[in-house]
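Inspection log for the structure reproduced underneath, given as structure tokens.
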Amino acid sequence: MNIEITCIRSTEAGLKQKIVVISHHAPSTKGTSSPSDEVSPWSSAFGTGLLQSKGRSCFDDVQFWIYGHTHHCTELTCGEVRLVSNQRGYVFPKMNHEESEVSMVFMSKMRKFWANGRQHHGIFNPEKIIDI
């Protein structure tokens, strides 16, 4: 990835382009997982330390990094990189009719919550759009 980003930036056209990285794992272990997972012994299973270097790196040229795997929705800035994760989370077995109705009521309430512009970290937003 280092070579690819450096190659993009080495051309005149590449200097004007926004660089977006999409990966399975988070590029940082700080702020990208559920708080309980961040302090656990297995926190490195959810993310990496790619953005936690002290010196200059090729990742300083990345504007957006979209990732998954943590089962935790969040949006934050790490250095100059905007980290975005909007994950549905775990998928459970098919529900019976009553459970399905409860789920629909819950999603309806959540849509109203999002419509008020009060989405908070950790909640999947099926209507999320990332402007690049």
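Residue numbering for the sequence shown follows my numbering, beginning at 538 and increasing consecutively.
All residues carry an ideal CB built from backbone N, CA and C; glycine is no exception.
With 16 or more neighbouring CB atoms inside 10 Å of its own CB, G584 falls in the buried class. The C-beta separation of S580 from H609 comes to about 12 Å, leaving the pair out of contact by the 8 Å criterion. Ranked by how close their Cα comes to the Cα of S573, the residues T607, I660, L620, I666 have T607 in first place.
A check of alpha carbon separations from I556 across E541, S590, K665 identifies E541 as the nearest. Counting every other CB atom within 10 Å of its CB across the protein chains shown gives L588 a total of 16 or more, marking it as buried.
Judged by beta-carbon spacing, C595 lies within the 7 Å limit of N539, meaning their Cβ atoms are closer than that value. As computed with DSSP, E612 is found in a beta bridge with V621.
Between the C-alpha atoms of Q600 and K553 there is a straight-line separation of about 12 Å. Ranked by how close their Cα comes to the Cα of K567, the residues R625, E612, T548 have E612 in first place.
Beta-bridge analysis with DSSP links S560 to Y604. For E575, the uninterrupted alpha helix (DSSP H) run begins and ends at 572-575, by DSSP. Between V621 and I667, the C-beta gap is smaller than 7 Å, which places the two residues in contact.
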